[in-house]
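Asks: Take a look at this one; I'll ask things after.
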Amino acid sequence: MALVLNEEQQMLKESAQGFLSEHAPVSELRAQRDAGSDRGYSSTLWSQMVNMGWAAILVPEEYGGLAFGHVGMAQIVEQSGRTLTASPLLSTAILGVTAINLAGSEDQKTELLGAIAGGELTIALAVDEKIHHDPMQTAMPAVAKGDGYVLNGEKRFVVDGSTADKLIVATRTAGSPGDMKGISLFLVDRTASGVSVQRTEMLDGRNAAIITFTDVEVTADAMLGEQDRGFRALSATLDAGNAHLSAELLGIAQESFDRTLQYMKERKQFGALIGSFQALQHRTAHWWSEIEMCKSVVLKVLQSLDEGDVRGSALASIAKAKLCEVAELSTNEAIQLHGGIGMTDEYEIGFFIKRARPAQMLFGDYNYHANRFALISGY
Amino acid sequence: MSDLQVFRQESRDWLEENCPQSMRSPVIAGEGACWGGRNWTFTSEDQKLWLERMGAKGWTAPDWPTEYGGGGLDKAEHKILKEEMARIRARSPLDSFGVWMIGPALLKFGSEALKQQHLPAIIRGEIRWCQGYSEPNAGSDLAGLQSKAVDMGDHFIANGQKVWTSYGDKADWMFCLLRTDPDAKKQMGISLVLFDMETPGVTPKPIKLISGSSPFCETFLDDVRVEKDQVVGEVNQGWTIAKYLLTHEREMIGGMGLTDAGSKTLGAIAAKTVGTTDGRLNDLFMRTDVARWEIDAAAFAFTAERVTDEAKAGQGIGATSAMLKYYGTELNKRRFETMLKIGGSDDLIWEGDISNNGWTARTLLRTKGNSIEGGTSEVQLNIIAKNILGLG
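What follows is the structure in structure tokens.
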């Protein structure tokens with residue numbers, strides 16, 4: 000498949016650009032933060048997104064969705080990286096939909112996917128137990144009891160964990176941490192008895208949560224997929240998540256770049272535009288080249304997700320690793336080239352580094368994905 | 000069957016019938032490549048046969064017009080031919096600065112007479128070309144070149160010195176930038192001229208490089224007669240053509256960042272050399288270097304693919320050759336630094352079988368020139384900053 004957007008994808012990109020820059024620019028993020036919003040995103044905005052069909056993009060047609068694919072969805076996500084727009088799009092419409100679609104029973108799909116597409120249900124994915132992402136190390140036990148299971152343990156960095164209606168929780172039903180086999184996924188209501196949510200506002204102003212499960216009882220039909228065989232769906236869901244996080248980081252990198260380039264054409268020192276200094280030109284040209292690399296890896300992994308390419312996991316790790324590296328470069332260069340004004344809260348450029356770091360770390364940073372890519376490649 | 004399907008079938012049949020078995024394996028590190036020309040010694044009868052057959056069919060220059068002996072293929076057919084050659088792993092019948100550089104420039108800027116004179120011989124691999132661009136005092140600042148051609152009425156007389164003439168001692172003809180108007184502003188007084196290397200006064204001398212090989216020459220021009228009908232385009236308008244050729248060259252050199260299909264990955268070489276435990280290389284710092292390089296190399300390969308696809312779809316910004324040249328050559332340098340670390344002390348041995356005559360070390364040394372030739376990395380960054388980013 001040619002590494003270009005088709006006409007429909009291009010149109011979606013443009014409409015997302017128009018909508019987000021009008022309704023959810025960076026100033027909205029500042030307003031949310033300053034108002035001390037405990038939700039971390041605007042419900043009104045999410046309703047508008049649902050009305051435009053964005054929550055339904057990855058949902059198959061038979062469950063009331065649009066089946067427009069990952070390349071399409073990522074055009075919105077990339078734009079939301081440019082505008083730093085907070086919404087449940089990643090947790091619910093990407094991770095939730097992917098996990099349920101891959102692992103869910105017919106009943107679960109019918110009930111849940113339609114509800115997500117219609118904006119009636121939000122989801123959060125609870126995977127990490129330690130401060131570094133490593134899903135195979137899942138240890139939190141789910142023990143069979145009667146017809147159901149009892150869950151005990153703690154999950155961290157659960158994005159949207161304090162607001163989502165349902166949690167998808169990775170647990171261990173057999174084997175030991177580090178085993179691929181023995182991981183099972185459960186759907187748990189956030190308000191179920193024994194679930195305790197501690198909201199943790201992150202540096203990007205968005206919410207995540209540390210969630211404690213104390214003797215949480217769930218019925219057998221709360222399981223998503225087969226017992227002990229949840230890792231495959233979990234891994235594929237994380238691959239999709241990382242592909243879209245890469246798209247978001249691409250938006251962040253591009254916007255940081257564009258704003259900085261503009262600034263270099265306005266700011267004068269020593270009686271000249273700073274953009275006329277070769278030392279800065281070379282840094283900027285190198286930075287631009289790195290972003291060009293990023294555009295290609297992101298589109299490649301998204302296409303592979305839509306085509307069911309067997310190299311999907313390797314490509315997801317290549318993309319996330321590369322985007323972590325270049326998002327770091329981009330947000331750092333943006334501040335350095337802006338100089339002192341880049342350090343001020345008043346100026347918007349500083350918001351990009353604050354969103355980039357959590358997006359880089361979520362579901363594995365450069366080190367995690369370089370290591371994973373090497374393992375997949377046989378070294 | 001569609002026309003393209005018919006073309007595919009016919010190409011497949013023809014290649015099957017005409018490509019000698021020994022030409023169905025990749026050229027590795029230049030070993031077995033065919034450059035043609037008057038002085039060429041074929042490495043085998045098959046190599047000669049393969050060049051003659053492909054040349055006669057025009058498939059050494061598949062997309063050039065048939066009136067000059069080219070293949071006359073459109074883009075879709077050219078792509079199919081490449082695919083069909085790759086299918087049987089057929090090697091290129093001819094490596095040629097004629098096909099890659101001066102030919103396209105003649106097609107775009109040359110007179111009808113020049114096209115008729117030079118293109119057929121390039122296609123058949125009979126004349127080997129070299130490039131006379133750089134001078135001792137005109138490297139990155141190419142437009143500052145001083146070698147001159149003085150108008151003698153019915154011809155020019157050229158004097159000066161060129162340097163970094165690739166294979167100048169093996170080539171038959173040179174395409175050469177000379178100053179034809181000493182009073183004009185820098186870029187405005189330059190012409191692109193063609194002359195036979197056997198013309199009296201042309202003396203190429205090989206330059207020995209740090210790698211030990213001598214792919215380049217310095218070429219002295221002492222009262223060399225250049226015919227007036229061998230000026231490409233207008234007199235004093237050569238800089239436009241030179242820039243066009245430099246873009247072409249950048250694209251070629253940028254391709255170096257792409258590893259040959261079928262060659263072993265760095266990861267595989269490293270795993271074989273230092274071994275693995277639980278699926279991880281035993282040297283963890285080497286593992287980090289290798290993974291970092293392979294991730295960047297994948298990103299670069301996808302970028303080369305995307306840029307090509309965008310151009311086909313009429314999208315994209317164009318002018319990406321500077322970026323590909325910059326990134327690809329820097330990547331290639333890192334590749335060989337990593338290779339040498341993997342190869343260890345055996346790869347430091349300059350000659351002999353243990354190190355395949357110092358192949359890794361010599362190639363590493365040669366790659367240092369990648370980010371200098373065809374415009375340094377810094378010149379590429381200047382081009383990106385000025386032409387793409389609009390920084391003045």
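Chains as they are written, first to last, in numbering that gives the first Met the number 0: chain U, 0 to 378; chain A, 0 to 391.
We put the CB at the ideal spot given by N, CA and C, even for glycine.
Only a predicted model underlies this, so the values are computations on that prediction, with no experimental measurement involved.
If you scan the region 197-264 of chain A from start to end, which runs of the alpha helix (DSSP H) of 4 or more residues do you find wholly inside it?
Replies: Counting only runs of 4 or more, we get 237-253.
Asks: May I have the straight-line CA-CA distance separating A:A157 from A:G35, to the nearest angstrom?
Replies: About 27 Å.
Asks: Looking at C-beta atoms only, is the number of pairs between the region 99-112 of chain U and the region 257-266 of chain U that lie closer than 8 Å three or more?
Replies: At 8 Å Cβ cutoff, the stretches do not touch.
Asks: A:I400 by DSSP, collapsed to three states: which one?
Replies: With chain A covering 0 to 391 only, the question about residue 400 of chain A has no answer from this structure.
Asks: Starting from the C-beta of U:A320, find all residues in its chain whose C-beta is less than 8 Å away, skip the five residues before and the five after it, and write them out in chain order.
Replies: Around U:A320: Y365, H368, A369, F372.
Asks: Under three-state DSSP, which class holds U:M179?
Replies: Here U:M179 sits in coil by DSSP.
Asks: Closer than 8 Å, CB to CB, is U:K165 near chain A or not?
Replies: Cβ-Cβ to chain A under 8 Å: no for U:K165.
Asks: Please specify which runs of the alpha helix (DSSP H), each continuous and at least 4 residues long, are wholly inside the region 89-149 of chain U, giving them in chain order.
Replies: Qualifying alpha helix (DSSP H) stretches, in chain order: 96-102, 105-116.
Asks: Relative to the C-alpha of A:R305, which candidate in U:K294, U:V215, U:S26, U:R356 has its C-alpha closest?
Replies: Out of U:K294, U:V215, U:S26, U:R356, U:K294 has the C-alpha closest to the C-alpha of A:R305.
Asks: Quick one: is U:N5 buried, meaning 16 or more other Cβ sit within 10 Å of its Cβ, or exposed?
Replies: It counts as exposed.
Asks: Using only the alpha-carbon positions, how far apart do U:D178 and A:R365 sit?
Replies: Going from the Cα of U:D178 to the Cα of A:R365 covers about 47 Å.
Asks: Pull the bridge partners of U:I352 from the DSSP assignment, please.
Replies: According to DSSP, U:I352 bridges with nothing at all.
Asks: Mapping DSSP to helix, strand and coil, what is A:W49?
Replies: It is helical.
Asks: Using a C-beta to C-beta distance shorter than 7 Å, which residues of chain U count as neighbours of A:T302?
Replies: The answer, in chain order, is E291, M292, S295.
Asks: To the nearest angstrom, how far is it from the Cα of A:R127 to the Cα of A:L50?
Replies: Rounded to whole angstroms, A:R127 to A:L50 spans 13 Å at the Cα level.
Asks: Whose Cβ in chain A lies nearer than 9 Å to the Cβ of U:K262?
Replies: It should be pointed out that residue 262 of chain U corresponds to Tyr in this sequence rather than to Lys. Per Cβ cutoff of 9 Å: no residues; U:Y262 is ~12 Å from chain A at best.
Asks: Below 7 Å on C-beta distance, what does U:S245 contact in chain A?
Replies: Ordered by position in chain A, no residue passes the 7 Å Cβ test against U:S245, which lies about 11 Å from the chain.
Asks: In the DSSP assignment, find the alpha helix (DSSP H) that holds A:M151 and state where it starts and stops.
Replies: Run containing A:M151: none; DSSP gives neither H nor E here.
Asks: What is the rounded straight-line gap between the Cα of A:T272 and the Cα of U:L328?
Replies: Spanning the two alpha carbons is a distance of roughly 33 Å.
Asks: Given a cut-off of 8 Å on the beta-carbon distance, is the pair U:G377 and A:A270 in contact?
Replies: Cβ atoms of U:G377 and A:A270: closer than 8 Å.
Asks: Taking only beta-carbon positions, decide if U:Y378 is within less than 8 Å of chain A.
Replies: Yes, U:Y378 counts as interfacial toward chain A.
Asks: With DSSP as the reference, please indicate the residues paired to A:G159 in a beta bridge.
Replies: Beta-bridge pairing links A:G159 to A:L220.
Asks: Output, in chain order, the set of chain A residues within a Cβ distance shorter than 9 Å of U:V3.
Replies: Those within 9 Å of U:V3 in chain A are R305, D308, E309, K311, A312, Q314, G315.
Asks: To the nearest angstrom, report how far apart A:E30 and U:G274 are at their CA atoms.
Replies: Distance between the alpha carbons of A:E30 and U:G274 is about 46 Å.
Asks: So, at 6 Å on beta carbons, what are the nonlocal neighbours of U:Q16 in its own chain, with the 5 sequence-adjacent residues on each side left out?
Replies: The answer, listed in chain order, is Q78.
Asks: Which whole runs of the alpha helix (DSSP H) in the region 258-326 of chain U are 4 residues long or more, in chain order?
Replies: List check, alpha helix (DSSP H) in window: 277-306.
Asks: Can the beta-carbon of A:C216 be found closer than 8 Å to that of A:K204?
Replies: Yes, Cβ-Cβ distance for A:C216 and A:K204 is below 8 Å.
Asks: Identify the contact partners of A:R249 in chain U, using a Cβ-Cβ distance below 8 Å as the criterion.
Replies: Result: empty, since nearest Cβ-Cβ is about 13 Å, beyond 8 Å.
Asks: What would DSSP say about U:K165, mapped onto helix, strand or coil?
Replies: Of the three classes helix, strand and coil, the one that applies to U:K165 here is strand, per DSSP.
Asks: Roughly how many whole angstroms lie between the Cα atoms of U:L1 and A:G313?
Replies: Before going further, note that residue 1 of chain U is Ala rather than Leu in the sequence given. Cα to Cα, U:A1 sits roughly 12 Å from A:G313.
Asks: Going by the CB atoms, is the gap between A:L193 and A:Q229 shorter than 8 Å?
Replies: Yes, they are a contact pair.
Asks: When DSSP labels each residue in this structure, what does A:I189 get in the three-state scheme?
Replies: If DSSP states are grouped into helix, strand and coil, A:I189 belongs with the strands.
Asks: Measure the beta-carbon distance from A:A148 to A:S190 and round it to whole angstroms, keeping in mind my assumption that it falls under 8 Å.
Replies: Rounded, the Cβ-Cβ distance is 7 Å, consistent with contact.
Asks: Quick one: what does DSSP say U:A208 is sitting in, helix, strand or coil?
Replies: DSSP places U:A208 in strand when its eight states are reduced to three.
Asks: Does A:I371 come out as helix, strand or coil in the three-state DSSP assignment?
Replies: Coil.
Asks: With DSSP run on the structure shown, which of helix, strand or coil describes U:R171?
Replies: Three-state DSSP puts U:R171 in a strand.
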